[in-house]
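> Position 394, counted from 1, in the sequence shown is what the numbering used here calls 394; the numbers after and before it change by one each time, with no gaps. Glycine is no exception: its CB is placed at the ideal position from the N, C-alpha and C atoms. Have a look at this one.
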Amino acid sequence: MPGNLTLDALREAVDAGEIDTVVVAAIDMQGRLMGKRFHAAHFVDGGWRETHCCNYLLTVDMEMYTVPGYATASWEKGYGDYIVKPDMETLRRVPWLEGTALVLCDLLDHHTHEEVPQSPRAILKRQVARAREMGFEPKMATELEFYVFENSYEALRDQGIAGLRPISAYNEDYHIFQTTKEEPLMRALRNGLYGAGIIVENTKGEADSGQAEINVRYTDALTMGDAHVIMKNATKEIAHKVGKSVTFMAKYATDKAGSSSHVHQSLWTPEGVPAFHDPDDPHGMSAMMKHYLAGQLAHARELTLFLAPYVNSYKRFCVGLFAPTKAVWSRDNRTAGFRICGENTKAVRVECRIGGSDLNPYLACAALLAAGLDGIERKMELEPELRGDMYHAEGVREIPKTLREAADLAAGSDWLRGAFGDDVVDHYVHAARWEVAESERAVTDWDLRRGLERA
Ligand code: ADP
């Protein structure tokens, strides 16, 4: 099971006084944990069957503003309830919070008891089911980069989010000494997640001052989505505990490297044989893998919305900072949007490097999977590989430059509408266009610095 606690084991832990609190959380459009804290005695008593939340949770923006114009929930519809249904397979201990367990939940329609189609978990489950119908088990790993600051969130708030002090003074990529200084946070994070049933492979320093990365072992796509949202929440919680803060913004400062969430993907047979590997191919890539990759390339521009969901996400795509600008493929080449890793081994896989650390992992994995499966279904032919520095390659497929462009591409995609459904595509395009409109009316520090005296 993806979690590490059964209901019976939880009951015993509650009786023994080890656990008194259960966090019951669904996942919102932004990939955040949203829910309630249950007294553990009430949870084991029957609370585990279901609870409720306001259905505005899948329509609000980052600020919890009641965004108008959604078909699912609005003031006109009276903002009713969703059923919040714990997925008991995800029940686990939360070692970094005293006496606490956590369960992730699905969101169901209050009347039909069907899963709400716009729910990120439901969107991914549907694509995984499609893969299974085609005879494949998708395995994924979403890497996660972030920045750590010496300041606490509270101190930053009091300073008007000024004076951010990265935890290191220099680019700490692979540095052991600098990351030793960060162990009060990172060791607690690795061990905490491990104790919560998430198999951490490693953490490392990343390519700018204060930047870190965490990698966990690849697993089935839904379990990976669950692990990703728990990891993000855990990083914030443990950082808070040690008086620090972290950010998962794709680009927090103009002159700093962006933070990514690369998505490693492979398909397996139900018997556990890697379907992407063919020892007779010069690079060990099976015909299936080539079709899958061809599908992702063909649809890369239409699905970028789900890899880069905010206005800020597009500021990460700049030349020479390891974030890609071109949606092309290449073997072991960090300048390409799609990099082939594990060439000529059973671990041969596609690493999509387009996504930022601000992506919603369920939506990103679902969109990538849907594109790959379309490639397999339609036996799409893989275009020739590009080699060398892709930043300066001319006349090749570009990653959309803005959220507005990505939203328009998603809105106009027959493929995406077929794969996700109009109700889902319209919902997320609406969210993106709201973000664009909000950003356009915001006066930023850039405007002020540039114009105050000289305009
Ligand atoms: P990098 O150098 O890009 O960090 P790693 O070798 O550390 O690459 O692996 C990155 C991620 O790839 C890890 O999370 C690992 O679990 C995952 N991974 C390894 N094999 C596979 C596979 N066959 N399918 C999907 N992900 C995989």
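1) Quick one, what's near the ligand ADP if you take every residue whose CB is closer than 5 Å to any heavy atom, in chain order?
2) Residue 442 lies in the alpha helix (DSSP H); which residues open and close that run?
3) For residue 235, which of helix, strand or coil comes out of DSSP?
4) For the stretch 69-89 against the stretch 48-61, do three or more pairs of beta-carbon atoms, one drawn from each stretch, fall closer than 8 Å, so that the two count as touching?
5) Starting from residue 458, trace the beta strand (DSSP E) both ways and give me its first and last residue.
6) Buried or exposed: which applies to residue 231, given that a residue is buried once 16 or more other Cβ atoms fall within 10 Å of its Cβ?
7) Nearest-angstrom Cα distance between residue 258 and residue 321?
8) Below 8 Å on the Cβ atoms is my guess for residue 107 versus residue 87; work out the distance and round it to an integer in Å.
9) Is the stretch 88-98 touching the stretch 4-18, taking contact as three or more C-beta pairs under 8 Å?
10) Just to confirm before moving on: does the CB-CB distance between residue 378 and residue 330 stay below 8 Å?
11) Taking only the alpha-carbon atoms, compute the straight-line gap between residue 74 and residue 109 and give it to the nearest angstrom.
12) Per DSSP, residue 146 forms a beta bridge with which residues?
13) Could you give the first and the last residue of the continuous alpha helix (DSSP H) run that contains residue 175?
14) Do you know how far the Cα of residue 84 is from the Cα of residue 51?
15) What did DSSP end up calling residue 285 once you bin it into helix, strand or coil?
16) Quick check: the Cα distance between residue 12 and residue 36, rounded to an integer number of angstroms?
17) Between residue 61 and residue 117, what straight-line distance do the alpha-carbon atoms span, to the nearest angstrom?
18) In the DSSP assignment, what residue or residues form a beta bridge with residue 338?
19) For residue 292, I'd like the list of residues in its chain whose CB is within less than 6 Å of its CB, leaving aside the five on either flank, ordered along the chain.
20) Quick check for students: name the residue ranges of the alpha helix (DSSP H) that lie wholly in the stretch 80-143, counting only runs of 4 or more.
21) Verify whether the separation of the beta carbon atoms of residue 407 and residue 425 is less than 8 Å.
22) Could you check where the alpha helix (DSSP H) with residue 372 kicks off and where it finishes?
23) Going by beta-carbon coordinates alone, are residue 261 and residue 144 separated by less than 8 Å?
24) List the whole-angstrom C-beta distance separating residue 350 from residue 396, where the pair is believed to meet the contact cut-off of C-beta under 8 Å.
25) Residues bridged to residue 398 by DSSP?
26) Would you say residue 144 lies against chain C (beta-carbon separation less than 8 Å)?
27) Just how far apart, CA to CA, sit residue 253 and residue 367?
28) Is there contact between the stretch 203-210 and the stretch 119-128, where contact requires at least three CB pairs shorter than 8 Å?
29) Once the 5 residues before and after residue 458 are set aside, which same chain residues still bring their CB inside 6 Å of it?
30) Roughly how far, in whole angstroms, is the beta-carbon of residue 218 from the beta-carbon of residue 305, given that I think they are within contact range, below 8 Å?
31) So residue 462 is in the alpha helix (DSSP H); what residue range does that whole segment cover?
32) Count the other CB atoms within 10 Å of the CB of residue 151; is the residue buried (16 or more) or exposed (fewer)?
33) Measuring straight from C-alpha to C-alpha, what distance separates residue 314 and residue 238?
34) Whose CA, out of 236, 266, 348, 415, lies closest to the CA of residue 131?
35) Going by DSSP, what residue range makes up the alpha helix (DSSP H) through residue 14?
Answer, in terms of the structure:
1) Proximity annotation: the ligand ADP has residues 139, 141, 215, 217, 218, 264, 266, 347, 349 in chain order, each selected because its CB is closer than 5 Å to a heavy atom of the ligand.
2) Run containing residue 442: none; DSSP gives neither H nor E here.
3) Helix, per DSSP.
4) Yes, since at least three Cβ pairs between the stretch 69-89 and the stretch 48-61 fall closer than 8 Å, the two stretches touch.
5) Shown here, the chain extends from 1 to 455; a query on residue 458 therefore has no answer.
6) Buried: at least 16 other Cβ atoms inside 10 Å.
7) Cα-Cα distance, rounded: 8 Å.
8) Your pair residue 107 and residue 87 does not check out as a contact, with CB atoms roughly 11 Å apart and the cut at 8 Å.
9) By the Cβ criterion, the stretch 88-98 is in contact with the stretch 4-18, since at least three pairs of Cβ atoms, one from each stretch, lie closer than 8 Å.
10) The answer is no: Cβ separation not under 8 Å.
11) C-alpha of residue 74 to C-alpha of residue 109: approximately 15 Å in a straight line.
12) Residue pairing of residue 146 in beta bridges, as defined by DSSP: 212.
13) Per DSSP, residue 175 belongs to no alpha helix (DSSP H) and is neither H nor E.
14) Their Cα atoms are separated by approximately 5 Å.
15) Three-state DSSP puts residue 285 in a strand.
16) Here the alpha carbon of residue 12 sits roughly 22 Å from the alpha carbon of residue 36.
17) Cα-Cα distance, rounded: 18 Å.
18) The bridge partners DSSP lists for residue 338 are 329, 352.
19) Excluding residues within five positions, the ones whose Cβ falls inside 6 Å are 372, 375, 376.
20) Within the stretch 80-143, the complete alpha helix (DSSP H) runs of at least 4 residues are 120-133.
21) No.
22) Taken as a continuous stretch (DSSP letters only), the alpha helix (DSSP H) holding residue 372 covers 361-377.
23) The answer is yes: Cβ separation under 8 Å.
24) No, residue 350 and residue 396 are not in contact; Cβ-Cβ is about 18 Å, not under 8 Å.
25) The partner list for residue 398 (beta bridge, DSSP) reads 326.
26) Of the protein chains in the structure, only one exists, and it is not chain C.
27) C-alpha separation (whole angstroms): 28 Å.
28) For the pair of segments examined, the stretch 203-210 was found not to touch the stretch 119-128: the number of CB pairs separated by less than 8 Å stays below three.
29) There is simply no residue 458 to check, as the chain begins at 1 and stops at 455 in what is shown.
30) About 24 Å separates the Cβ atoms of residue 218 and residue 305, ruling out a contact at the 8 Å cut-off.
31) Residue 462 cannot be examined here, being either before or after the span of the chain that is shown, 1 to 455.
32) Buried, by the Cβ-count rule.
33) Approximately 28 Å between the Cα atoms of the pair.
34) It is 266.
35) Here the alpha helix (DSSP H) through residue 14 covers 7-15.
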